[in-house]
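Down below is the structure, laid out as C-alpha cells.
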Amino acid sequence: MKFEWFIASRYLRSRRKQSFISIISIISIGGVALGVATVILVIAVLDGVEHGLKDRFLSNEAHVALHIFDHSFFKDYQERIQRIEAIENVVAASPVVFAQIGVFPEHSNTIQDVIYIKGIDPAQEDEVTGFSTYVTGSTDFQNSELIEKAAFIRDETIAGGIILGGRLATRLGAMKGDVLRLLIKLVDIGTGSLTPDLANFVVIGFYESEMEAYDSNFGFIHIDTAQKLYNQQNRVNFIFVRLTDAELAPQIATKIEDAADFSVLEGMPNARTWMEAQAALFSALQLEKIATVIIEALIILVASFNIASTLIMTVMEKTKDVGTLRTLGASRGNIMRIFMIQGSVIGTLGTMIGTGLGLSICWLLSTNTERPSYWYILALVVPIVLQFLMASRHALRSKGGWKFAVGVLWLIGVGFALYCAVRPISLVDLGLSQIYQTHQLPIKINWVFVIFINLLSFVICWFATLYPAWQAANLKPVEALQHE
Amino acid sequence: MSNRSETLIRIVDLHKSYYDGESELRVLQGIDLEIKTSELLAVIGASGVGKSTLLHIMGTLDRPTAGQVLYGDQDVFTMPEAELARFRNQEVGFVFQFHHLLPEFNALENVAMAALITTPSNKAIYKEAAALLEYVGLAERLSHYPSQLSGGERQRVAIARALINKPKVVLADEPTGNLDRRSSEAVHELLWDLNAKSGQTFVIVTHNSELAEQVDRVVKLADGKVVL
Ligand SMILES: Nc1ncnc2c1ncn2[C@@H]1O[C@H](COP(=O)(O)OP(=O)(O)O)[C@@H](O)[C@H]1O
Ligand SMILES: [Mg+2]
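Same order as they appear, the protein sequences are chains A and B.
When we follow the numbering used here, the leftmost residue of the first sequence carries the number 1297, and every step to the right adds one.
When we follow the numbering used here, the leftmost residue of the second sequence carries the number 6, and every step to the right adds one.
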C-alpha cells in the first residue's frame, strides 16, 4: 500500500506547489462535509424538539387517564384510587371532574368561549401533574381573600375560585379578582325554551405550564364545587394516574382498568395513555425524522457523485500516467488502489470535517451564553481577516511553519466569526411557539445516529470510488500511453 | 558480463492485427527474431510499419494476435496479469519518444518509481536513483520537476528511470525522435556507454541513420516482416 499512498497523496495535492490540497479535492470534501453536517444538525434539532416536547409535555400531563367510555360519572373513586395506587410503578392517582363548559362575559347572554374545566383536589392533583408549581396566585379555591372581596362587592353568590390558563385569561381579558360566569347546563323551565344555569367564579390565579393545550384551554376549580354544580356528590368521571416511568404506560394501563373494577352497569372502562392522547403529534415528528434521514441520504449521495465525478476526472487527466505506471510494472490492483485511496481520503476527510462542523454548530446553538453582538464581529473580525489576507499573500509563497501558522490564525478568525454569528435560535422566531413555548432551540445529539451517519457516509463514498478506480485499472497500457 | 552468444529474447512467428469492424489491419505478419544478451539492436523501417507495435508486444504491454515471445524458455503471454506486471517491473525498461515522466513527481522520484512499486520506500532506492541521475549528467536536477527540465534532460531522466531495477532489456522507441541534434547525440552517447558498461540488452527503434550505423545489428521491418 505504501506505493499507492505515495501516488494518491500526490494526486490529491494541487499541481501548483503553493496549496496543500487541490481545489477539486476541497470541493469534493466540502460536499461530503456539508451533507454530513446538515444531517447531524437537523436530526439533533428534531430529536431535541421531540425530547423537549415529551419532557415538558409529561411534566404536567398525567401518564394515564382512566374513564368510562361515555365519560359518565362513577362512585367509590377513593377506594378505586387506593387500589390503583397499590399497583407497582404507580406513583399517584387523582380524582377529576372533567367537563367542557361555556364562558359568559358579565352582563351578556352569548357564550364567549368554550373551555375545559378540571375539578380537582389540589393536594392529590399535585402528586400527579405537579399542578401548583405552574400556578401563579392562590390555589385555595374556597377561602381566598379575593373571593370574599368579590362576593362583598358584587353581592352575588360565588360558587368558588377558578384558576385560568394564562393564555386563556389573556384571551378572555380576565384579571385576578374578576368574576367569570360559567354555563353549567341548560335548564328546561317548562315553557319549551331553555335557560342557562350559570355559576359565578372568581379568578384567583393563572396556570402557566408553557403547554399550549393547557394554557389556552383550561380552567381549574375545586372538585367539591364541581361535584356540587353537576349534582354528582361523591362521584367523578376521571382518574388521572402518574407512573414512575412514562414509557411503562401501555403495560400499566390494562392493570389500572382491572384495578378500577367497574361493573357492567357502570360501563366499559378505558385507560388512555399519554401516547394515545398525543399520537398525532409524535407520529408526525417520527415521520419528519424519517423524511429527513432520506433527504440527507440523498445529500450524501449527491456528494458521493461529486467524489465519483472528481475521480473520473482525475482518471481522465491521469490516463497517460496510468499508462506510464503500467509500463513501469504497476499491476491493475496497484492502479485500482491508487484511485480508491484518493476517493477514500476525500470521503474520510469530508465525513470527519462534517461531523466536527455539525457537532460544533449543535453546540453553538445549544449553549445559552450571551455572545458578543454582531457589531463585534465587524469590529474585530474584519481587521483580522484583512490582516490575514495581507499576511497570507506573503506567507502562502513561503513555506512550512509560516503557512501553517497563518492557516491556524485564519481558522481561529473564521471560527470566532461563526461563534458570534450563530446565536441560540428562538423557537418563537421559527413559529413553533404555538406548540412549544420556550426560547431555546432544543438540541439532543443521538450518538448512535452520529456513528451511523459516519458509517453510512464512509460506505457511500467508498462505493463511489469503485467505478472510477475500476475504470482506471482497466485502461489498456498502450492506449493509455498514447492518450493525449 | 554475460555470454554474448546467449539468446535472451526469441520471437516466434509473431502476428498482430488490428480490427476495425469488418476490416482487418495486419500490421505484423510473421516476425521471427532472436535477440542475444548484451546486444545493441536497432529496429528501422518506414513510419507505420509496426515498429512500435513490435516493441510494445516485446515489452508485454500488448498481446499478439498469434505467435510467441520467449524470454529464455518462458512464453511471457502464458503468465497471469499480476505476474506479467511483476515481470515488466523487474526485467524490462522502457524509453519512449515522449518522456512520459509523471508531472507531479520530481526527477529523483520519477527515477525511483519502478523500484517503489515493489519495495517500500527506503534510502537505498533514492541513493541508487540519485546515482543514476548523476550518471546521466543530472546530478544538479534531482528535485526538479519535469516541467522545469529541458527536452534532452527529460529524456535522460526517462533513461535513468528505465534502469532503476537493472532490467535485462531496455526497449527504446525513437528515444531521440523528439530532440534536437545536440541532445540526440548526448542521448546516443549515453546508450552506447550503458550498453558497453552494463551488458544490458538494448532494442532501439530509430529513424536516425547515424545511430543505426553504430549498433551491433540492424533489423529492418517492411510489410509486417523482418527483411534485413
Ligand atoms: N490501437 C490501434 N488500433 C488500430 N490501429 C493501430 C493501433 N495502433 C497502431 N495501429 C496501426 O498499426 C500500424 C503500425 O503502427 P506503429 O507500430 O505505431 O508503427 P511505427 O511505430 O512503425 O510507426 C499503423 O498503421 C497504425 O495506424
Ligand atoms: Mg512508432
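Yeah, the Cβ is synthetic: ideal placement off N, Cα and C, and Gly gets one too.
Closer than 8 Å, CB to CB, is residue i near chain B or not?
{"i": "S1315(A)", "result": "At S1315(A) the pLDDT is 48, less than 50, meaning the model places this residue with poor confidence; the figure from the coordinates comes in the next sentence. With 8 Å as the cut-off, S1315(A) does not count as an interface residue toward chain B."}
{"i": "K1740(A)", "result": "no"}
{"i": "G1625(A)", "result": "yes"}
{"i": "V1774(A)", "result": "yes"}
{"i": "Q1730(A)", "result": "Only weak support exists for where Q1730(A) lies, its pLDDT of 48 falling under 50; the value from the coordinates is given anyway. By this cut-off, Q1730(A) is not an interface position."}
{"i": "V1724(A)", "result": "Note that V1724(A) scores a pLDDT of 49, beneath 50, so its modelled location is shaky; the value from the coordinates is reported in the next line. So no, V1724(A) is outside the interface."}
{"i": "F1302(A)", "result": "yes"}
{"i": "L1771(A)", "result": "no"}
{"i": "Q1733(A)", "result": "Confidence at Q1733(A) is low in this model, with a pLDDT of 46, below 50, so the placement of that residue should be treated as unreliable; the coordinate-derived value is given next. Taking Cβ atoms only, chain B never reaches closer than 8 Å to Q1733(A), which makes this a no."}
Closer than 9 Å by beta-carbon distance: list the chain B residues that pair up with residue i, in chain order.
{"i": "D1617(A)", "result": "H105, L107, P108, E109"}
{"i": "R1851(A)", "result": "Residue 1851(A) lies beyond the range of chain A shown here (1297 to 1780); nothing can be said about it."}
Indicate whether at least one CB of chain A lies closer than 8 Å to the CB of residue i.
{"i": "F207(B)", "result": "no"}
{"i": "A112(B)", "result": "no"}
{"i": "E11(B)", "result": "no"}
{"i": "N94(B)", "result": "yes"}
Under 8 Å by Cβ, that's how I've got residue i and residue j pegged, so tell me the actual separation to the nearest angstrom.
{"i": "D67(B)", "j": "V1774(A)", "result": "5 Å"}
{"i": "R1538(A)", "j": "A1358(A)", "result": "6 Å"}
{"i": "R1531(A)", "j": "F1365(A)", "result": "Not confirmed; about 16 Å, so no contact."}
{"i": "V210(B)", "j": "S52(B)", "result": "So it is not a contact: roughly 11 Å between Cβ atoms."}
{"i": "A1556(A)", "j": "L1330(A)", "result": "No, A1556(A) and L1330(A) are not in contact; Cβ-Cβ is about 56 Å, not under 8 Å."}
{"i": "T65(B)", "j": "R91(B)", "result": "Going by Cβ atoms, the distance from T65(B) to R91(B) rounds to 11 Å, so no, they are not a contact pair."}
{"i": "I1517(A)", "j": "G1456(A)", "result": "6 Å"}
{"i": "V1704(A)", "j": "L1308(A)", "result": "About 21 Å; that fails the 8 Å criterion."}
Please compile the residues from chain A whose C-beta is within a distance smaller than 7 Å of the C-beta of residue i.
{"i": "N213(B)", "result": "The premise fails here: N213(B) is roughly 22 Å from chain A at the closest Cβ pair, so nothing lies under 7 Å."}
{"i": "E27(B)", "result": "Simply none; closest approach about 21 Å."}
{"i": "A90(B)", "result": "G1625, A1626, S1627"}
For a contact meaning CB atoms closer than 8 Å, what does residue i contact in chain B?
{"i": "L1777(A)", "result": "L66, F101, H105"}
Give the residues of chain A in contact with residue i, contact being defined as C-beta atoms less than 8 Å apart.
{"i": "E86(B)", "result": "S1627, R1628"}
Using beta carbons (cut-off 8 Å, strictly below), is residue i in contact with chain E?
{"i": "T1620(A)", "result": "Although the question refers to chain E, the structure presented lacks it and instead comprises the protein chains A and B."}
Residue i versus chain B: which residues are under 7 Å apart at the beta carbon?
{"i": "F1299(A)", "result": "L121, I122"}
Residues of the region 155-189 of chain B in Cβ contact with chain A at a cutoff of 7 Å, in chain order, please. none
> Which residues, in chain order, does the region 117-140 of chain B contribute to contact with chain A at a C-beta distance below 7 Å?
Replying inline: M118, A119, L121, I122, P125, S126
Proximal residues, the region 52-63 of chain B versus chain A, C-beta separation under 7 Å: H61
* Complete beta strand (DSSP E) runs within the region 1538-1579 of chain A (minimum length 3 residues, chain order) -> 1565-1569
Point to revise | Inside the region 85-170 of chain B only - alpha helix (DSSP H) runs reaching at least 4 residues | key: 86-96, 112-123, 128-140, 156-168
Quick check for students: name the residue ranges of the beta strand (DSSP E) that lie wholly in the region 1370-1418 of chain A, counting only runs of 3 or more. 1386-1400, 1409-1416
Report the start-end ranges of each alpha helix (DSSP H) in the region 36-73 of chain B that is 4 residues or longer and not cut off at the edges.
56-63
Of all the beta strand (DSSP E) runs that stay within the bounds of the region 1418-1466 of chain A, which reach a length of 3 or more residues?
1431-1433, 1456-1461
Report the start-end ranges of each alpha helix (DSSP H) in the region 1466-1515 of chain A that is 4 residues or longer and not cut off at the edges. 1508-1511
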